[in-house]
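If you read the sequence shown in the working numbering, its first letter stands for residue 1, the second for the next number, and so on.
No residue lacks a Cβ here, since even glycine has one placed at the ideal position from N, Cα and C.
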Amino acid sequence: MQIIKANNFACPLDGTPLLGDKTLRCDNGHSFDMARQGYLHLLPVQNKKSKQPGDSQAMVVARSRFLEEGFYLPVSDHLNALALQYLALAGDLCVVDAGCGEGYYLDRFCDVLMLHEGGAATLTGLDISKPAVVAAARRNKLITWLVASNSNPPLLPQSVDMIFCMFGFPDYAAFKKILKPGGKVLLVEAAEDHLLELRQVIYPEVRKAPPPALDRAELVGFSLVDSQSLTYQTAALNREQIADLLVMTPHLFRATREGKAAAAELDSLVLTVDLQLRVLGMVDM
Ligand SMILES: C[S@@+](CC[C@H](N)C(=O)[O-])C[C@H]1O[C@@H](n2cnc3c(N)ncnc32)[C@H](O)[C@@H]1O
1 MQIIKANNFA CPLDGTPLLG DKTLRCDNGH SFDMARQGYL HLLPVQNKKS KQPGDSQAMV
61 VARSRFLEEG FYLPVSDHLN ALALQYLALA GDLCVVDAGC GEGYYLDRFC DVLMLHEGGA
121 ATLTGLDISK PAVVAAARRN KLITWLVASN SNPPLLPQSV DMIFCMFGFP DYAAFKKILK
181 PGGKVLLVEA AEDHLLELRQ VIYPEVRKAP PPALDRAELV GFSLVDSQSL TYQTAALNRE
241 QIADLLVMTP HLFRATREGK AAAAELDSLV LTVDLQLRVL GMVDM
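Given below as structure tokens:
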């Protein structure tokens with residue numbers, strides 16, 4: 001498939017179509033410039049809940065380094081296979097990664113999509129963190145990158161075939177609005193044993209929780225179409241990689257001081273990756 005730039009933008013202030021190339025404008029005179037790094041900032045200041053929302057620069061750098069080591073390569077491969085199974089590659093496609101971080105997964109999906117015959121595809125990664133989107137824009141110039149929020153994705157209604165939401169913060173009502181009829185959400189979330197060996201070091205007691213319930217999704221009309229588990233052991237992480245993993249996850253904020261000190265003492269750690277990949281579709285109403 002040929003990857004082309006997205007053209008289904010909606011003004012984040014009034015929802016009307018945004019048109020243009022380097023500067024996008026809506027009919028009501030709101031305008032947004034493409035940043036020189038190649039992304040669009042479509043998060044109005046009044047929609048920001050903090051000055052620098054989302055992941056910090058330090059988290060983005062740690063995640064980039066960790067992912068580049070290949071520890072989550074099987075996650076990316078499984079995501080790609082599952083997405084291809086539910087996308088009709090014959091026509092034109094629009095796939096969005098909502099909470100894309102620094103773009104690792106969408107970049108690898110782009111590589112796979114380009115190997116397939118078919119029409120044109122737009123790939124859009126959006127994240128509320130500007131440092132994450134700046135890093136993503138550096139990674140892949142074919143993908144459209146947006147600083148934007150999952151709660152108000154600046155995309156036209158019924159213009160998206162599939163939304164990835166990986167280790168993220170889904171807003172199901174907003175996702176429903178931008179999905180085409182028959183569109184799908186693909187969730188990747190931690191299952192009970194995810195990173196168990198690290199959690200055993202940093203918490204006095206490990207609580208095993210299943211992936212989040214789907215009641216909020218079901219409330220707006222989504223239902224579960226497919227659910228797959230992915231469980232494997234990583235290669236051994238060294239001291240720096242363990243530190244990166246801690247920084248890139250919410251565990252850094254939740255772990256006890258003693259737990260973090262114990263993790264800093266580790267020279268090597270093999271981890272269990274235990275994930276649930278779920279595909280959601282709209283129930284016909
Ligand atoms: C745990 S990280 C996962 C990043 C990426 N999906 C990955 O798996 O590598 C969660 C991401 O969600 C972003 N995020 C948090 N709240 C968000 C929101 N309301 N809208 C869009 N992105 C958000 C963060 O900035 C961060 O990049």
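Three-way DSSP call (helix, strand, coil) for residue i in this model
i    : result
F167 : coil
Y172 : helix
H78  : helix
I143 : coil
D4   : Sequence inspection shows Ile at residue 4; the Asp mentioned does not correspond to that position. If DSSP states are grouped into helix, strand and coil, I4 belongs with coil.
P131 : helix
S159 : coil
K184 : strand
Q85  : helix
R25  : strand
L271 : coil
V112 : helix
R278 : strand
A137 : helix
D107 : helix
Straight-line gap, residue i to residue j (C-alpha atoms, nearest Å)
i    : j    : result
F167 : D92  : 27 Å
Q276 : E192 : 9 Å
E189 : K5   : 28 Å
Q46  : F32  : 15 Å
P204 : Q57  : 29 Å
A120 : Q228 : 28 Å
V279 : K51  : 33 Å
Y105 : E258 : 33 Å
E102 : N28  : 32 Å
A263 : V60  : 20 Å
I3   : H116 : 11 Å
Q233 : Q200 : 16 Å
D55  : Q37  : 19 Å
D215 : L224 : 11 Å
Residue closest to residue i, alpha-carbon to alpha-carbon, out of the options
i    : options                   : result
V160 : L106, P210 and D97        : D97
F71  : D274, V283, M282 and V279 : D274
V206 : R108, L142, P131 and A255 : A255
R65  : T23, R139 and F169        : R139
E197 : A173, L113 and L246       : L246
T122 : Y104, Q200, A148 and L155 : L155
T144 : Y39, L214 and R257        : Y39
V112 : P53, A135, Q85 and P131   : Q85
A217 : M1, M282, P74 and V75     : M282
V75  : T231, P250, D21 and H30   : T231
P301 : A62, E69, I128 and V95    : As displayed, the chain neither begins before 1 nor continues past 285, which places residue 301 out of reach and without an answer.
M248 : D267, D107, A62 and K184  : A62
V220 : A173, L73, K180 and P212  : A173
L142 : M114, T23, A243 and C11   : M114
N80  : K208, C94, R108 and A88   : R108
K184 : N8, A148 and A83          : A83
D14  : L179, V270 and N152       : N152
A236 : L195, F222, L252 and L214 : L195
K22  : T16, H41 and P12          : H41
K49  : A148, G182, P250 and P212 : A148
Short CB-CB distance (under 8 Å) between residue i and chain B
i    : result
D111 : Considering every chain present, this structure includes no chain B. It has just one protein chain.
Bridge partners - residue i, DSSP secondary structure assignment
i    : result
A10  : P17
H41  : V147
C100 : According to DSSP, which records beta bridges pairwise, C100 is partnered with nothing at all.
E265 : The partner list for E265 (beta bridge, DSSP) is empty, contrary to what the question assumes.
A190 : L275
Checklist entry - Which ranges does the alpha helix (DSSP H) cover as unbroken runs of at least 4 residues, wholly within the stretch 196-258, from first to last along the chain? => result Every alpha helix (DSSP H) stretch that sits fully inside the stretch 196-258 and reaches 4 residues is listed by chain position as 196-202, 215-219, 239-248 and 251-254.
Next on the checklist: Going residue by residue through the stretch 48-77, where are the continuous alpha helix (DSSP H) segments of at least 4 residues, counting only ones entirely within it?
Outcome noted: Counting whole runs of 4 or more residues, the stretch 48-77 contains the alpha helix (DSSP H) stretches 57-68.
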